[in-house]
Each structure stands twice: as structure tokens, then as C-alpha cells.
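For the sequence shown, the working numbering gives the first residue as 4, with consecutive numbering after it.
To keep things clear, I will list the structure first and then write my remarks on it.
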Amino acid sequence: MRAAGRPLVALALAAAVLGAPAPRAAGQGSSGIVGVTSIGSGAEETWVFLPGEDPPTCLVVFLHGAGDPTPSRYLGWLDHLALDAACAVIFPRYQVARNTAPTTLGGLRAGVSAGVGHVRRARFGFEGRRVPKKLRTVVVGVGLGGNLAFYYAANAKRWGLTVPAAIDSIFPTSASIRGVPLEPVPHGTRVLVQTRGGDRDVRAYLAPHPASRKRFQTVRSPANAPLQTTPFAINTFWAPVDELIG
4 MRAAGRPLVA
14 LALAAAVLGA
24 PAPRAAGQGS
34 SGIVGVTSIG
44 SGAEETWVFL
54 PGEDPPTCLV
64 VFLHGAGDPT
74 PSRYLGWLDH
84 LALDAACAVI
94 FPRYQVARNT
104 APTTLGGLRA
114 GVSAGVGHVR
124 RARFGFEGRR
134 VPKKLRTVVV
144 GVGLGGNLAF
154 YYAANAKRWG
164 LTVPAAIDSI
174 FPTSASIRGV
184 PLEPVPHGTR
194 VLVQTRGGDR
204 DVRAYLAPHP
214 ASRKRFQTVR
224 SPANAPLQTT
234 PFAINTFWAP
244 VDELIG
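Okay, structure coming up:
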């Protein structure tokens with residue numbers, strides 16, 4: 004899907020393009036417009052979601068779970084982040100196909116870099132207002148994306164990207180990218196790890212991270228719960244991200 008250069012479109016239209024309904028979160032009443040742009044192709048494709056009227060005040064890098072390389076199943080949450088939290092959201096594919104695991108960080112890096120460039124070039128309102136020079140950046144990762152969130156944070160400065168102020172790693176896997184060392188998360192980054200248990204590897208990796216900057220939470224729920232728009236999903240997964248953004 005390529006939509007670069009198109010005018011702002013309603014999220015419902017974006018959902019139609021993605022081949023999925025646009026779910027609304029329980030209790031959410033946003034009716035604004037979201038600009039959705041697809042950039043690049045293959046593992047370097049990325050989608051950028053922008054609020055349609057005012058410049059965003061924050062940036063969320065959203066890393067999908069394995070096998071969900073398009074935003075279609077996350078639209079409710081992405082809608083909330085763009086409209087209710089007033090964030091620009093970058094959703095990199097990083098996978099060539101649903102059953103193809105990444106073997107390098109190249110797709111992730113390229114996708115986020117392209118997304119950041121698009122956000123920086125965006126203009127808002129009749130005045131053509133620019134995005135603030137400094138945007139608080141939060142990384143949200145689900146499943147394999149929860150693991151890649153650590154890779155992103157560890158490499159952001161070297162890649163010329165903003166080091167995230169916070170990470171929310173949801174149900175991270177124990178997978179690693181062979182041959183690519185996982186460096187420590189920057190000490191100033193706040194880290195929330197939500198697991199279903201069996202988080203020994205993640206705890207060992209984060210052992211050197213300051214205790215005041217990390218938190219572990221055990222969540223008893225199905226693996227697909229973060230993709231839902233139920234009150235449970237909103238309170239358990241969306242609300243902590245809103246807190247990290249704020």
C-alpha cells in the first residue's frame with residue numbers, strides 16, 4: 004500500500020484501505036480526522052498516523068507483534084494515540100511477510116527513520132504549523148515488537164534518532180536477532196514490562212537498569228488481549244502508555 008502525498012483521510016477510510024473495520028474503543032468518543040500515510044515497501048514500509056488539525060505533542064513508535072505487519076488489527080489503539088493522546092504514531096513493518104522473522108535491524112531502522120522524516124515535514128492548519136523540535140518519544144512493542152523495543156532504545160542514538168523517554172514492552176518474546184548484540188537500554192529511559200509470566204530473560208537483561216526506572220507487571224490475559232478494544236485492554240495496556248506519554 005502506498006499513500007504518500009495523499010491528503011488527510013478519516014481513519015474509517017484508512018481501515019477500508021487496510022481491509023479491516025476501524026474499531027472504536029469502549030468509552031472513547033473521538034471523531035477527529037487522522038492522516039495516514041504509507042511510506043516505502045517490503046520490510047522498510049512504515050505507516051505514519053498524524054492528528055489532522057494540530058501538530059502532535061508526542062511521538063509513539065509502535066512495534067507490532069510477529070505476523071501482524073500492518074496496522075489493521077491495531078487501528079483502535081492507533082486512533083486513540085493520534086487523536087486522544089495527540090501523538091504522531093510511526094508503525095514500521097520490519098517484516099517482509101507474516102511468517103518471516105527479521106534477521107537484521109535494517110527494516111526497523113529504515114522504517115522509523117522514514118517515519119520521523121515524514122513527521123518533521125508535516126504541516127498543520129491554515130498557518131502550516133510545524134511539529135515541535137522536541138517530541139517526547141515513547142516506544143510501544145507487542146510480542147516480538149516488545150523485544151525489538153529494547154533493540155530500538157539501545158540503538159536510537161547511534162541511528163540519529165531520539166532516544167525514547169520510555170518503553171512499554173508488552174508480552175516480549177525471548178527471541179533475539181542472531182549476530183546482532185543487544186546493548187543496554189539507556190539509563191534515563193523508563194521501562195515498563197508487561198508479561199504473562201516466564202520473564203526471567205527480560206529481568207536478567209534489565210538487571211543493570213536503575214530500579215527507579217523500571218517496572219514489571221504480570222498480566223493474566225490471552226496473548227491477543229493487547230489488540231482488543233475492551234475496557235480490560237484499555238485499562239491494562241492503553242492507560243500505562245498514556246501515563247508514559249504524559
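Cβ coordinates follow ideal geometry from the N, Cα and C atoms, glycine included.
This one's a predicted model, so the numbers in the text were calculated from it and none came from an experiment.
With fewer than 16 other Cβ atoms from the protein chains shown falling within 10 Å of its own Cβ, Pro234 counts as exposed. Just so you know, the alpha carbons of His67 and Asp204 end up roughly 20 Å apart. Ser44 sits in coil when the DSSP states are folded into three classes, being neither helix nor strand. Checking the DSSP bridge columns, you'll see Lys217 partnered with Val194.
Counting C-beta pairs with one atom in each stretch, the segment 75-94 and the segment 49-67 have three or more that are closer than 8 Å, which means they touch. The count of Cβ pairs closer than 8 Å, one atom from the segment 176-183 and one from the segment 207-219, stays below three, leaving the stretches out of contact. If you ignore the 5 residues before and after Leu230, its C-beta comes within less than 6 Å of the C-beta of Arg76, all in its own chain and listed in chain order. If you ignore the 5 residues before and after Ser177, its C-beta comes within less than 7 Å of the C-beta of Asp204, all in its own chain and listed in chain order. In the three-state reduction of the DSSP assignment, Gly38 falls in the strand class. The way I'd put it, the segment 157-175 does touch the segment 187-195; three or more beta-carbon pairs between them come closer than 8 Å.
Assignment of alpha helix (DSSP H) within the segment 106-175, counting only whole runs of 4 or more residues, yields 109-124, 147-158 in chain order. Within the model, the alpha-carbon separation for Trp80 versus Trp241 is close to 7 Å. Straight through space, the alpha carbons of Val134 and Pro105 are spaced by roughly 31 Å. Scanning its chain for C-beta atoms nearer than 6 Å, with the 5 sequence neighbours on each side dropped, one finds around Gln220 the residues Gln197, in chain order.
Per DSSP, the beta-bridge partners of Val63 are Val92, Val141.
The residue among Thr73, Gly38, Pro58, Val39 with its C-alpha nearest the C-alpha of Glu47 is Thr73. Taking C-beta atoms as the reference points, Gly146 and Ala69 count as a pair closer than 9 Å.
Contact between Gly38 and Gly55 is confirmed by a C-beta separation of about 6 Å, below the 8 Å threshold. For Leu53, the uninterrupted beta strand (DSSP E) run begins and ends at 49-54, by DSSP.
Inter-residue distance for Pro175 and Arg139 is about 23 Å (C-alpha atoms, whole angstroms). DSSP places Ala207 in the uninterrupted alpha helix (DSSP H) bounded by 203-208. The straight-line gap separating the alpha-carbon atoms of Pro225 and Asn238 is approximately 15 Å.
Counting along the chain, the unbroken alpha helix (DSSP H) around Leu78 starts and ends at 78-82. Beta-carbon to beta-carbon, Val51 and Gly118 are separated by about 5 Å, close enough to satisfy the 8 Å threshold.
Residue nearest to Phe94 within the set Thr107, Leu78, Arg206 is Leu78 (criterion: CA-CA distance).
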